[in-house]
Structure formats: C-alpha cells, structure tokens
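Report on the structure given below.
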C-alpha cells in the first residue's frame, strides 16, 4: 500500500520537528516545507531558523522545500500590523498569518504535489464527528493550548490537517526530540512576533518603519500629564514606561490616534464586561444569541463565561458574567463551547 503524503510546516523549532518525526514514524511520506517570510534586516535570526529547518529535515531524512513569501507577507501581515498600531489598536498578526499565509500555503502546495494532508506543530486537536464535520479542540495540556492562534481556520483546511502534538506536553516533545537526536531539542519557545524577533516592536517601528510623532499623555479627565513619542509605543493596560509621576499607579486606558493622545487612568478603569467583535470566522456552528460560552480575549487570558447578546453576519456583542481586565481593540475574541473552538473575530470595542 502506497504511503500517504503529508506536508509539514518546518520552522526550525522543536515543535514542528517532532510533528514531522511522529508522522514519519506512523508511515507517512513526509515533506518539510519552510516559508521564508521576511528579510534578515527585520529579524537577524532568520538565516539561523532556515538552517535549523534544513538540518532537521536532514536528520529526519525527509525532503525539504523552501517557499519565498516575503512580498506577500509584507503586504498582508506586516503592513496590517503597522497600520493597526498607527491607528491605536493592538493587533495579533499571528491569528491572521496562520490562516491566510501559513495554512493556505500548505494546502496549496499539498495540492500541487499530490499530498493528502498538511501538518503543523501547534498544540491543538482536530476531531472528526458526525456528518464529516471537523472540530478544532483545545490541547490536552491547557497551558500549551494554541487554539487561540488558529481560530480562523475553516472546514476545508481542517479536513486536510493533522496536529500530532495535541495530546503531548512540551516536556514530552523535548524528550522525543532529544532521544531522536534532533539538535533543536533545547531551543527556547518563541513568544515574540516572528518578524521582530527578540527586539521590542517599538524599536522595530522606529528602525524599520520610521514612525514616531510626539503627542500628549492625558489623564482620563483631560489633564495633561506628559508627552509621548508615538501612540504605537503603548498598548491598553500598559503600566511601565509611561514616565509620569503620579500618586497612584497609572495604566493606559485608550489610544486616540486621531488626536495623537494616550489616555491613562487607574487599574479599575480597565475593568469592563462588554465587547464587540467584527471580521468574524466560524469554523462550523456559530454561537447562538442568549447562550453562554467561554470567551478568550488574548492569548494568555483564561477563557471566561459570557453571554452572546447580539450576533449577525458581521458583528457579535459579548457580555461577560464578570468584568474582564483590559479588553483591547485589535486583539481577537475567541468563543469556546467547552473544549471546542467555535471561532471568533477582531475586537472593535470594549467597555
């Protein structure tokens, strides 16, 4: 019987490496695919990442391909990231990139070479249930769960996708890599935005994008407390780096890009129960008005119970049972029914 072919996204990290290894051990014909998304002057480690990906594929004795998507990535992800910050929002480019760059490229390449499946090293699970419906579910180890970053996938993509790490812990993945002689088994986790690397995104905007315009820092009552050098320097809920002396700790409440003002206030001013999200994506079933679900508003946020108070084709209004801290425009609100990801959208209002 001829082995089924799978295209595995290889980043040069331990997770994607072990995903490829596990699939090879199961008898799949594995092809590693690395996407070159940005130049070295964005993130100096890009050459190291590409070399690690190449070396992993050599160790595993699998074919390795590289696709250059720098122009597409710049137009669809980096420009989006820049424009959102300039407009006073705090985007999460990974949720967009995973859908329109990474997974769609994997699917397209798989079709070109006659592969039946694609795979990544994300910590999440896909389960097929009745009527050939595919559900995206949270990882067995919740502290590693990455469903927040891939909530924009659809049935067409899930049907072709294998996620081999959904039942594993990070430590188990590292042990597997070490035992099989994969040299990146000690490589650290990537918590930063890939095209910025370990530098601060603020320095990225100044160094690469040439941004920075002086403006006012206002208390919530309109009192001028100081000045800033660009609204992109700040995000909702930020406390450090304000450079303001005040009797109580101050936090960023709002970014007014139109007037180039940063609005600050007290911690309790950041507690809100409602949000509105747009640019929606539902994997299969969309949530129902009046029903209670779990909603996650940032990647490190613990999903909180909330009721859907309004829903249409282009917007959803969510009311949490209890106030949530720093609901941030530009981040994603992801809706869960127990451990099943229904989908979500981009937050456009929190208050």
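Residue numbers (this note's numbering): 93 to 443.
Where is the CB? At the ideal position from N, CA and C, for every residue including glycine.
Since the model is a prediction, treat every value here as computed from it, not as a measurement.
From 427, 442, 441, residue whose alpha carbon lies closest to that of residue 241: 427
Test item: CB-CB of residue 419 and residue 442 under 7 Å: Closer than 7 Å, so yes.
Enclosing alpha helix (DSSP H) for residue 264 [first to last residue]: 262-271
Simplified DSSP assignment, three categories, for residue 133: coil
Rounded distance between the beta-carbons of residue 108 and residue 102, thought under 8 Å: 5 Å
For residue 383, the first and last residue of its enclosing beta strand (DSSP E): Residue 383 -> no beta strand (DSSP E), and no H or E assigned at all.
Contact check, residue 355 vs residue 386, beta carbons under 7 Å: Annotated as distal: residue 355 and residue 386, with beta-carbon spacing of 7 Å or more.
Contact check, residue 270 vs residue 259, beta carbons under 7 Å: Against a cut-off of 7 Å, the Cβ pair of residue 259 and residue 270 comes out as no contact.
Residues that DSSP places opposite residue 126 in a beta bridge: 158
Within 7 Å, strictly: CB atoms of residue 229 and residue 431: yes
Nearest-angstrom beta carbon gap, residue 219 and residue 227 [assumed within contact, 8 Å]: 5 Å
Per DSSP, the bridge partner or partners of residue 238: Note: residue 238 sits in no beta bridge, so no partner.
Assumed close pair residue 469, residue 159 - CB separation to whole angstroms, cut-off 8 Å: The first residue shown for the chain is 93 and the last is 443, placing residue 469 beyond what the model contains.
Beta carbon of residue 157 nearer than 7 Å to that of residue 125: yes
Proximal residues to residue 114 (C-beta, below 7 Å), its chain only, five neighbours per side dropped: The beta carbon of residue 114 sits closer than 7 Å to the beta carbons of 256 from its chain, once the five residues preceding and following it are set aside; these are given in chain order.
Contact check, residue 120 vs residue 96, beta carbons under 7 Å: yes
Three or more C-beta pairs below 8 Å linking the region 334-349 and the region 369-376: no
Bridge-paired residues (DSSP) for residue 412: Residue 412 is bridged to 398.
Start and end residues, beta strand (DSSP E) containing residue 428: 424-429
Candidates 362, 423, 400, 134, of which the one nearest residue 415 by Cα: 362
Residues of its chain near residue 336, where Cβ-Cβ distance is below 8 Å and the 5 sequence neighbours each way are ignored: 309, 317, 318, 342, 356
Beta-carbon proximity list for residue 279, same chain, < 7 Å, skipping 5 on both sides: 105, 106
Top-ranked residue by Cα proximity to residue 328, from 152, 359, 232, 187: Ranking 152, 359, 232, 187 by Cα distance to residue 328 puts 359 first.
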